[in-house]
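Counting from 6, one number per residue, gives the positions in the sequence shown under this note's numbering.
Positions of the beta carbon are idealized from the N, C-alpha and C atoms, including for glycine.
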Amino acid sequence: MSTDNPQSADANSGLDLPRFHFLPNWRMEPEFPWQIWAAGWLAVIKALLWLSTDPVVPGPLAGYLAAKFLVAMIPFLLLGIGVWNLRRWAAWGLMIAAIADLAFFIVFPSAWRFVAGGGFWGLAAVLLVFNGPIGNILILLTTPVLLKTAGKYDLLGADLE
């Protein structure tokens, strides 16, 4: 899935961006930085995994947690795909979204426990990575690579169209 009109990479550069792809083929190239690949998957899975979980949350925290997931779903999905497309706006946006999501867990520290659930420890670890603060920290750790490579399409050496 791609757009028909390439966008200008920078108002002053005159370079054209490759088309925006839903699942760009170049993300599977060996030269593609694994940090970008991982950050994109963390964001996409973070956006969608909560749909398959049913945390038992008491009181008003249930509403806050549901609102957080609903508000964050579309941005994390679009930003994850944008990061794979090496877009600068996606790198900055993903960093801001991860900080905002992490701030939720700082403001509501009891939410960590409910996101992880009370069952199998392996599932709890997966949920903490993708739905909880650990995934946000991992995304923030990839930020230097995201910002360094955003917009540098020549690093791939692949056909980006």
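In three-state terms, what does DSSP make of residue i?
i	result
G156	coil
T148	helix
N128	The sequence given here has Leu at residue 128, not Asn. In the structure shown, L128 sits in a helix (DSSP, three-state: H, G or I).
V62	coil
F109	helix
N141	helix
N175	This structure does not reach residue 175, given that the chain is present from 6 up to 166, and the question cannot be answered.
P80	helix
S57	helix
L47	helix
F119	helix
L133	helix
R93	helix
M6	Interpretation of M6 is limited by its pLDDT of 40, a score under 50 that renders its predicted location unreliable; no figure is taken from the coordinates.
Please name the residue, chosen from the options, that lies closest to residue i on a Cα-to-Cα basis.
i	options	result
I86	M100, G45, P65 and A72	G45
M78	W94, L53 and P35	L53
G140	V76, L107, V62 and L66	L107
V62	L143, R118 and V131	R118
I101	E34, A121 and P80	P80
L132	I142, V120 and L143	V120
A96	I41, P29 and F25	I41
F27	V88, L47 and K51	V88
Measuring straight from C-alpha to C-alpha, what distance separates residue i and residue j?
i	j	result
R185	R32	An answer regarding residue 185 cannot be provided, because it is not within the stretch 6 to 166 covered by the chain.
A71	L146	26 Å
N17	G68	Bear in mind that the predicted position of N17 carries a pLDDT of just 39, short of 50, making it unreliable; the figure below should be weighed with that in mind. In a straight line, the C-alpha of N17 is about 45 Å away from that of G68.
P138	F110	7 Å
S57	P65	21 Å
V112	A105	10 Å
L75	N136	12 Å
V49	F25	16 Å
I142	A103	8 Å
Can you have a look at residue i and say buried or exposed, based on whether 16 or more other CB atoms are within 10 angstroms of its CB?
i	result
K157	exposed
A130	exposed
G124	exposed
F37	buried
N90	buried
L84	buried
L151	buried
Using 7 Å as the limit for Cβ to Cβ distance, is residue i near chain B?
i	result
G137	As a matter of chain content, chain B is missing from the structure shown, which is built from one protein chain.
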